[in-house]
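Working notes for the structure below.
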Amino acid sequence: MGRRLRVTFVVIAIGVIHLTAWAEQFSSCWVTQTITPFGNTETVTRCRVSGGDVVDYADDSDVPSVLYPNLGTDVTGQCWYLTSAVTAYVILNRFADGSAEIGLDIDPSTPGGIVAIGPTMPRCTSEPSPVSDPATEAWEYVMAYIHDPPTPDLNPAPGQGVTGLATFVAVPVPDDHSATLSSGASSLEVEIEVDAVVVHWGDGLTDTYPADPQILAGYPDGGASHVYEVKDTEGAALAVEYDWTARWRLAGDTWVSLPVPNTSTTVDYPVAEVVTRLDS
């Protein structure tokens, strides 16, 4: 009877431990090697439970939580690890040695918005410390910089456009911009420029012009012009867009492109019709 009571007590205690781990969140999970009671070496997934405890699991799939990749540093340097906190990182490719190609899902609501953020990164093999997110820092800086839309100047002005007469658009183009930001122990370099200017004339035709001040100088010498063939007294929706390009890198690493959205300005542009009349 006594032995059965002791066995029952041990089973209940183990169950409580696992239920506690299941209810916890894991701040980090990495891989490490341990010595079994039989003297063998085996690789396990070791997780820090938010709150302090450390629990070992046979592998990642045994961790009782949904895990997401994150970037950190351990005793060997920069590496990737798993955490139950939702991150914007995704594993693009994972290799037999545990290393992985990591991507950043900049906008989860938009398919295809994942960008690779650098070379293959090793798996953390000791407890990691989170690092700043350089890709997110670069994205936030770029989006703050490009908030100003184009300010087109039209000739003839809105309300004076006519069929058969060229409409010129003048668009100032921002200078190329570069910056060096601090990202933890590294320097984060960012480059931003307008690659082209896109003009949707509002009648179904679109032209793309290089970001050249001479071409976008407007009337009379500029090269961005259009002749309307059909009148539109309600006003064509003439839209002008900056086609931005941006890239970032940690100092010394390869450049990584950012899929930056265009910024645009729309102008109502009525087009009248010139009618030739012969007086008798």
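For this note's numbering, add 7 to where a residue sits in the sequence shown, where the first one is 1.
All residues carry an ideal CB built from backbone N, CA and C; glycine is no exception.
Please read all numbers here as calculations on a predicted model, not as lab measurements.
Integer-rounded CB distance, given that residue j should sit under 8 Å from residue i
i: Y75; j: G168; result: Actually they do not touch by this definition, with Cβ atoms about 54 Å apart.
i: V267; j: I153; result: 7 Å
i: H233; j: T187; result: So it is not a contact: roughly 41 Å between Cβ atoms.
i: T170; j: V237; result: 7 Å
Residue i versus residue j: straight-line alpha-carbon distance, rounded
i: D69; j: T94; result: 20 Å
i: T272; j: L195; result: 31 Å
i: S72; j: Q221; result: 59 Å
i: A218; j: P141; result: 28 Å
i: F102; j: T127; result: 9 Å
i: V138; j: S185; result: 23 Å
i: A30; j: S91; result: With a pLDDT of only 43 at A30, under the threshold of 50, the placement of this residue in the model should not be trusted, and no figure is reported.
i: S189; j: W255; result: 12 Å
i: C54; j: S136; result: 13 Å
i: T52; j: G105; result: 12 Å
i: T80; j: N47; result: 28 Å
i: P165; j: Y276; result: 5 Å
i: E144; j: A203; result: 25 Å
i: A28; j: V62; result: Because A28 carries a pLDDT of 42, less than 50, the predicted location of this residue cannot be relied on, and the following value inherits that uncertainty. Their backbone Cα atoms lie some 8 Å apart in a straight line.
i: G259; j: P227; result: 46 Å
i: L111; j: W146; result: 11 Å
i: P156; j: L172; result: 27 Å
i: G84; j: D214; result: 49 Å
i: G229; j: V263; result: 34 Å
i: N162; j: I109; result: 49 Å
Three-state class that DSSP yields for residue i in the structure shown
i: T143; result: helix
i: A151; result: helix
i: D288; result: Past the edges of the chain, shown from 8 to 287, lies residue 288, and the structure says nothing about it.
i: S72; result: coil
i: D260; result: coil
i: D66; result: coil
i: W208; result: coil
i: L223; result: coil
i: Q32; result: coil
i: C131; result: coil
i: L111; result: strand
i: F175; result: strand
i: A186; result: strand
i: P137; result: strand
Residue i Cβ short of 7 Å to the ligand GDP heavy atom set
i: I121; result: With respect to the ligand GDP, the structure offers nothing, as it holds no ligand at all.
C-beta atoms of residue i and residue j nearer than 8 Å
i: V278; j: A231; result: no
i: A123; j: E198; result: no
i: E248; j: T270; result: yes
i: G5; j: A244; result: Outside the displayed range of the chain (8 to 287) lies residue 5, so it cannot be described from this structure.
i: P159; j: V180; result: no
i: V206; j: D250; result: no
i: Y88; j: N77; result: yes
i: L265; j: V149; result: yes
- prompt: Counting Cβ pairs, one atom from each stretch, are 3 or more of them under 8 Å apart for the stretch 131-147 and the stretch 37-56?
  reply: yes
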